[in-house]
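Going left to right, the sequence shown walks through residues -17 to -1, 1 to 320 as mature numbering (1 follows the signal peptide of the UniProt record, and there is no 0) numbers them. C-beta atoms are modelled at their ideal positions from N, C-alpha and C, and glycine is treated no differently. Heads up, the thing below is written out as structure tokens.
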Amino acid sequence: MHRRCLMFLLITIIVFSAGCNTVQNSQISLQRETQKDKVGDEEQGTTDRTKGIKKIELILDANGPYWNKVKPILIKDSKMINDIMSMIKESKPLIDESKISRMSGMARKNNKLVVTETDGNNKEIIFAYDTLYEVGYIEEEGRKVEPDYSFFRYIADLNEYTNPDTNIKQQVIQLFDKYNWTVDYRINTLKEKLPESLKHKAGEYPVKIYWAYNNELSKQIGLDFTDYLGKDVAVEIYRLREPLPEFMKPRRDARGIVIKYNDEIIGAYIDAGRHDSFACSLDRKSLKDITGKEWDGWIADYIDYEDELEIKLSKMEPEDIIREYFKALDKHDIKMV
């Protein structure tokens, strides 16, 4: 049991690294080619809100608590402009201004959007938000309004994911839409080789457990990728508009993961972003909801109990395992560690 808990802690660090490439220039430009914009417009239904707008510059508070170094972000992609302006348009009047005064010390203030219109005119939109209490406001021409908090999460992620691609295939949009998820853009595409089996041996990096866990989430929506074990697959990572289910608080940011083999979707699940790990199925069910088992009970089915090292470790007390761990560190025994 103790080893299984330690394994869970180790597995939480296995998260796909994506989207945050180092940017050398002084300004990040989020711009797609004209043809990609055209395809995105047709597929996503871009509205008239982008007409008359040439670009949006996002200027975040350089002293704010962001993961990356803050730089001005230039947005020219028509779908992204439409997404931003739509969320602003749907804002409601800020009636209770006391919420602003109750913002925590971690509130991100002094941010603004500079909207440049095709006629050359600019307008500034000031905004502030608090990630702790999930409140925020927008101020334009002295008038404060309150957008849905998804607007602020969208804006913050633009500083994290610096190479968004809004050219998304309909099969992906329809898959997530079926479960009430909105796909904003693709963050990255990775090439991965699935393990030959999902049985974890002691001493292995727990990649098999990662895939076994997420296959349970994928099977929940009828996509079982066990027939593709050992094969090379494409893993597409998408930024989703809606937050994670309530049972996953305080984690909020959701990413949609799609696994493809020869361009066919063979698996899909939700993860909790670059800095977290496992999340839920597309229909917002946890591993326990799906399998009826807690972590200890579930992982027992994916451990190779015939493995010699597994047999040895299973006979040890927790204190003995800790001693073996430090001995392995001294000997640089990677497998034992």
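Between the C-alpha atoms of residue i and residue j, what's the straight-line distance to the nearest angstrom?
| i | j | result |
| --- | --- | --- |
| Thr149 | Ile138 | 15 Å |
| Asp79 | Val128 | 10 Å |
| Ile248 | Ala45 | 40 Å |
| Gln154 | Lys243 | 12 Å |
| Glu187 | Ser133 | 39 Å |
| Gly125 | Ile71 | 15 Å |
| Glu179 | Val241 | 20 Å |
| Pro147 | Asn171 | 8 Å |
| Leu115 | Ser74 | 20 Å |
| Ile253 | Phe261 | 8 Å |
| Ile286 | Lys59 | 49 Å |
| residue 321 | Lys106 | For the chain, the structure presents residues -17 to 320; residue 321 sits outside this window and is missing. |
| Glu143 | Val97 | 19 Å |
| Ser269 | Leu200 | 8 Å |
| Val53 | Met89 | 16 Å |
| Phe230 | Ala255 | 13 Å |
| Tyr196 | Met68 | 38 Å |
| Lys191 | Pro228 | 26 Å |
| Tyr193 | Glu291 | 22 Å |
| Ala251 | Thr145 | 23 Å |
| Asp313 | Ser264 | 41 Å |
| His183 | Trp278 | 15 Å |
| Ile305 | Ala311 | 10 Å |
| Asn104 | Asp131 | 27 Å |
| Ser87 | Lys232 | 18 Å |
| Pro301 | Phe309 | 13 Å |
| Pro55 | Ser61 | 18 Å |
Compute the beta-carbon to beta-carbon distance between residue i and residue j, rounded to the nearest angstrom, for a pair I have assumed lies under 8 Å.
| i | j | result |
| --- | --- | --- |
| Ile109 | Lys95 | 5 Å |
| Asp66 | Tyr162 | About 20 Å; that fails the 8 Å criterion. |
| Asp207 | Asn198 | 7 Å |
| Leu296 | Ala185 | 6 Å |
| Leu41 | Leu158 | Going by Cβ atoms, the distance from Leu41 to Leu158 rounds to 29 Å, so no, they are not a contact pair. |
DSSP three-state call for residue i: helix, strand or coil?
| i | result |
| --- | --- |
| Phe309 | helix |
| Phe159 | helix |
| Ile204 | coil |
| Arg238 | strand |
| Asp48 | At residue 48 the sequence reads Pro, which differs from the Asp that was named. Note: Pro48 maps to coil in three-state DSSP. |
| residue 407 | The requested residue 407 is not part of the displayed model; the chain covers only -17 to 320. |
| Gly280 | helix |
| Thr101 | coil |
| Asp20 | Its pLDDT being 45, under 50, Asp20 is placed unreliably in this model, and the value from its coordinates should be taken loosely. If DSSP states are grouped into helix, strand and coil, Asp20 belongs with the helices. |
| Tyr252 | strand |
| Lys314 | helix |
| Ala195 | helix |
| Lys176 | strand |
| Asp246 | coil |
| Glu124 | coil |
| Lys37 | strand |
| Lys82 | helix |
| Asp259 | coil |
| Leu227 | coil |
| Gln27 | Its pLDDT being 47, under 50, Gln27 is placed unreliably in this model, and the value from its coordinates should be taken loosely. Of the three classes helix, strand and coil, the one that applies to Gln27 here is helix, per DSSP. |
| Ala139 | helix |
| Val216 | strand |
| Ile151 | coil |
| Asn93 | strand |
| Leu57 | strand |
| Tyr211 | helix |
Looking at residue j and residue i, is the spacing between their C-beta atoms short of 8 Å?
| i | j | result |
| --- | --- | --- |
| Arg91 | Tyr112 | yes |
| Arg257 | Glu219 | no |
| Ile36 | Glu100 | yes |
| Ile273 | Gln203 | yes |
| Asp167 | Leu223 | yes |
| Tyr234 | Tyr221 | Rather than Tyr, the amino acid found at residue 234 in this sequence is Arg. Not a contact, by the Cβ cut-off of 8 Å. |
| Lys214 | Leu181 | no |
| Ile164 | Glu225 | The sequence given here places Trp at residue 164; Ile does not occur at that position. Yes, the pair counts as a contact, with Cβ atoms nearer than the cut-off. |
| Lys38 | Leu57 | yes |
| Asp236 | Arg85 | no |
Per DSSP, residue i is paired with what?
| i | result |
| --- | --- |
| Arg222 | Tyr168 and Arg238 |
| His183 | Ile286 |
| Pro76 | Val128 |
| Val118 | Asp113 |
| Lys106 | Val98 |
| Ile42 | Lys95 |
Check the Cβ-Cβ distances between residue i and every residue of chain D, and say whether any is below 8 Å.
| i | result |
| --- | --- |
| Gln157 | Reference to chain D is not applicable here, since this structure consists of a single protein chain. |
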